[in-house]
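The numbering of the sequence shown is the numbering used here, which starts it at 1372 and goes up by one.
All C-beta atoms in this analysis are idealised placements derived from N, C-alpha and C, irrespective of residue type, glycine included.
Small disclaimer: the values here were computed from a predicted structure and weren't measured.
The block underneath contains the structure these notes are about, expressed in C-alpha cells.
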Amino acid sequence: MSAVNTAGLLAAGSLNAADVLAATLARIDAEDGALGAFTALLDLPAALSQLNRMQLGGKIGPLQGLPVAVKDIIDTIDMPTRYGSALYAKGTTAEQTPRLDAAIIGAIQRAGGLVMGKTSTAEFAFLNPTKTLNPNAPGRTPGGSSAGSAAAVAAGLVPFAVGTQTGGSVIRPASYCGVTGFKPSYGLLPTAGIKCFSWSLDTVGLFASSVRDVAWFAEAVSGFALALDSLVTTTQKSWRICVPTAYPWGSVSPSGQLAMDTAIAALRAQGSEVTTTTLPVWMKDVFDAQDVIQSFEVWRAVAHDIDTRQEALSAVLRDYLMAASSI
C-alpha cells in the first residue's frame, strides 16, 4: 500500500498510528540485523510517547504519524549522531547525543511524521562505504552516501526516509535500491543541524517507494505546493524528452548505458518523442568547479575531527582531506 493511501486510512480512523508504529519497529527488529540499514532506533515506549505528544490537541499533520527514518549526520535530540565515523562510534568517548534537533526534524514533526530511527551513512557522507546491504541485490552495493535511507525504504521497513546529497548521495542510492529519491532545489529543505560535507552544495533529499509518495512527502515537509495535484491527475501519456549521448566529464559504464537504452526504448514504445543532444564542453568546467568548492569546504567542516583523532578516519577520507587542505 502506498504511503499516501496509508495516511488516508489513518486520517479516516481505519488504521491506528500506534499499531502502524509497533508493526514498523517489529519488522525492523526482525529484518535489519541482516540488512544493516539502521544505526539507532527509538524503542516502542519512546516512539509511542513521541506519537502521543504529536497527537495532543487532537490535530496532527498530513503525515498522520507515519514513521520516518533520517540519515545519521542529522542531529536528533533523542538518538545519537555518529556520522558513519569510527571517531563517534558507539562506546567511544566522542559518541554524543545532540542537545537540539536539526531543523528538518522539526519540519517533519510539524507535518505529522514520527522520526523513529537513524540510518547508515558513508563516513561523514563521503566515500568510505557502509556495511548496509542492497535489499534487492544483497551482493551489490546500495549506493552512497545515504545508503541506509534508500535501503530502509527499499526493504519496506519505513515509508519515508531522509538523506543528504553533495554530488549524488540521494539519487545514486535511490537508483541502486530501486526506490524514488528526490533531490530538491537548494534551500527548499533546511540544513541547519546537519554536518554538511559542503555547506554550499549539500541538499536535504527524500526517499519513498514511488514518485507520488515522495512528492507528497516533500510537499508536507516543505510546506510548499509542489504541483502534486497535476502529478496525480494528469492524463498525458507521452512526453518530449531530450537525452545526452556523450558527457564531457567521462564515459558511461556499459551497464549504465544499457539501463539508459532500455529506458529510452520503453519511453518510445509508449509514444514519447525522444531526441538526443551532446552536452557542451564547458560543462566539464562546472564539474571541476564543484570538486574545488567541495574540497575547500569539507576541509573546514571536518578540520576539528582531523585535528582531534586523525587515526580514526579512513584512509580514503584522510587522503582526500590532506589534498583538500592545500586549496
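Can you tell me which of the options puts its alpha carbon nearest to the alpha carbon of residue i?
i: serine 1609; options: Asp1632, Met1450, Ala1440, Leu1638; result: Leu1638
i: leucine 1684; options: Glu1668, Thr1503, Arg1453, Asp1449; result: Arg1453
i: aspartate 1443; options: Val1575, Ile1698, Thr1492, Asp1690; result: Thr1492
i: serine 1580; options: Thr1537, Val1529, Trp1570, Gly1621; result: Val1529
i: isoleucine 1445; options: Ser1420, Gly1621, Pro1561, Ser1571; result: Pro1561
i: arginine 1583; options: Lys1430, Gly1552, Ser1385; result: Gly1552
i: glycine 1432; options: Gly1594, Ile1399, Phe1531; result: Gly1594
i: arginine 1611; options: Pro1625, Ile1635, Ser1420, His1675; result: Ile1635
i: leucine 1427; options: Val1550, Arg1481, Ala1457; result: Arg1481
i: proline 1509; options: Gly1549, Ala1496, Glu1494, Gly1539; result: Gly1549
i: phenylalanine 1531; options: Leu1688, Arg1689, Leu1692, Val1375; result: Val1375
i: leucine 1396; options: Gly1564, Ala1417, Trp1653; result: Ala1417
i: leucine 1485; options: Glu1494, Met1425, Ala1460; result: Met1425
i: leucine 1688; options: Ala1401, Gly1539, Ser1456, Met1372; result: Ser1456
i: lysine 1430; options: Trp1620, Gly1384, Ala1596; result: Gly1384
i: alanine 1596; options: Leu1559, Gly1621, Leu1572, Leu1577; result: Leu1559
i: tyrosine 1547; options: Ser1571, Leu1572, Gly1538, Thr1512; result: Thr1512
i: leucine 1735; options: Glu1644, Val1541, Leu1419, Pro1625; result: For residue 1735 there is no data in the structure shown, the boundaries of the chain being 1372 and 1698.
i: alanine 1496; options: Ser1622, Trp1570, Pro1625, Asn1507; result: Trp1570
i: leucine 1692; options: Gly1621, Arg1398, Glu1494, Ala1460; result: Glu1494
i: tyrosine 1557; options: Gly1576, Ala1545, Gly1564; result: Gly1576
i: asparagine 1507; options: Gln1421, Ala1545, Ala1401, Ser1643; result: Ala1545
For my contact list, residue i and residue j are in at a C-beta cut-off of 8 Å; report their separation, rounded to the angstrom.
i: valine 1614; j: alanine 1478; result: Not quite, the Cβ-Cβ distance comes to about 35 Å (not below 8 Å), so this is no contact.
i: arginine 1543; j: glycine 1514; result: 4 Å
i: alanine 1589; j: proline 1555; result: 6 Å
i: glycine 1488; j: glutamine 1435; result: About 18 Å; that fails the 8 Å criterion.
i: alanine 1672; j: cysteine 1567; result: 6 Å
i: threonine 1574; j: threonine 1535; result: 7 Å
i: alanine 1695; j: phenylalanine 1667; result: 7 Å
i: threonine 1490; j: alanine 1440; result: 5 Å
i: aspartate 1676; j: leucine 1458; result: 6 Å
Could you tell me the boundaries of the beta strand (DSSP E) in which residue i lies?
i: glutamate 1644; result: 1644–1649
i: isoleucine 1612; result: 1611–1617
i: leucine 1485; result: 1485–1490
In terms of residue numbering, what span does the alpha helix (DSSP H) encompassing residue i cover?
i: phenylalanine 1588; result: 1582–1593
i: glutamine 1421; result: 1415–1426
i: valine 1687; result: 1686–1695
i: alanine 1411; result: Element bounds for alanine 1411: not the alpha helix (DSSP H) but the beta strand (DSSP E), 1409–1412.
i: glycine 1455; result: Careful: glycine 1455 lies outside any alpha helix (DSSP H) and carries neither H nor E.
i: isoleucine 1479; result: 1474–1481
Is DSSP giving residue i helix, strand or coil here?
i: isoleucine 1444; result: coil
i: valine 1652; result: coil
i: glycine 1552; result: strand
i: threonine 1464; result: coil
i: methionine 1372; result: coil
i: isoleucine 1431; result: coil
i: threonine 1574; result: strand
i: glycine 1379; result: helix
i: glutamine 1536; result: strand
i: valine 1623; result: coil
i: proline 1544; result: helix
i: phenylalanine 1495; result: helix
i: phenylalanine 1565; result: The question names phenylalanine, but residue 1565 in the sequence shown is isoleucine. The answer is strand: DSSP assigns isoleucine 1565 an E or B state.
i: valine 1391; result: helix
i: valine 1673; result: coil
i: valine 1524; result: helix
i: alanine 1579; result: strand
i: valine 1439; result: strand
Measuring only from the beta carbon, is residue i closer than 7 Å to any heavy atom that is part of the ligand FMN?
i: leucine 1560; result: Looking at this structure, you won't find the ligand FMN or any other ligand, since it has none at all.
Does the beta carbon of residue i come closer than 8 Å to any beta carbon on chain B?
i: glycine 1527; result: No chain B appears in this structure, which consists of one protein chain only.
Any contact of the region 1622–1633 with the region 1646–1662, i.e. 3+ C-beta pairs under 8 Å? no
Would you be able to state if there are at least three C-beta pairs under 8 Å between the region 1400–1415 and the region 1498–1505? yes
Within 8 Å, do at least three Cβ pairs link the region 1519–1531 to the region 1457–1477? no
Inspect the CB distances between the region 1372–1387 and the region 1409–1429 and report whether three or more fall short of 8 Å. no
Just checking, does the region 1384–1403 make contact with the region 1446–1465 on the three C-beta pairs under 8 Å criterion? no
Would you call the region 1645–1654 in contact with the region 1615–1622, where contact means no fewer than 3 C-beta pairs closer than 8 Å? yes
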